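In the working numbering, the protein residues as written are 7 to 165.
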């Protein structure tokens, strides 16, 4: 009978070791889950900030769209003197990428077409959708974390 008691003690010791291992793995998983959902939230916030900053630029550029549509876009920047004067009166791009130079060293601004502005708006709308997906993934991650904590409480009460 002594061997049965020692076997029972060994089983209990093994069981305790396994429970400790499971507990530590569960804590490691919970930490990784927390880091993951925080990363999802940070990505969603970064996208939101990007969309907000570029939405402002699109809305300020759209106020000049009527004037910009009156001007003709010319990809090689060969414009008449009258058109050059009109273009010089427009607001320059904050990025500076819409300027080009002719051979005389004069800077000329290339006006964006309404088609490009439409694509920018489409991109911003798509990015808003992506932000929503990241926020939903974050919310789902929180839900999973709550379920893990609930299961953890049940395991602790049973032990």
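Even for Gly, the Cβ is constructed at its ideal location relative to N, Cα and C.
It should be emphasised that the depicted structure is a prediction, and the values quoted were computed from it without experimental measurement.
Item: Using the Cα positions of residue 22 and residue 16, report the straight-line distance between them to the nearest angstrom.; Value: 10 Å
Item: When burial is assigned at 16 or more other CB atoms within 10 Å of the CB, is residue 28 buried or exposed?; Value: exposed
Item: Which residues in the same chain have their Cβ closer than 7 Å to the Cβ of residue 38, if we skip the five residues on either side of it in sequence?; Value: none
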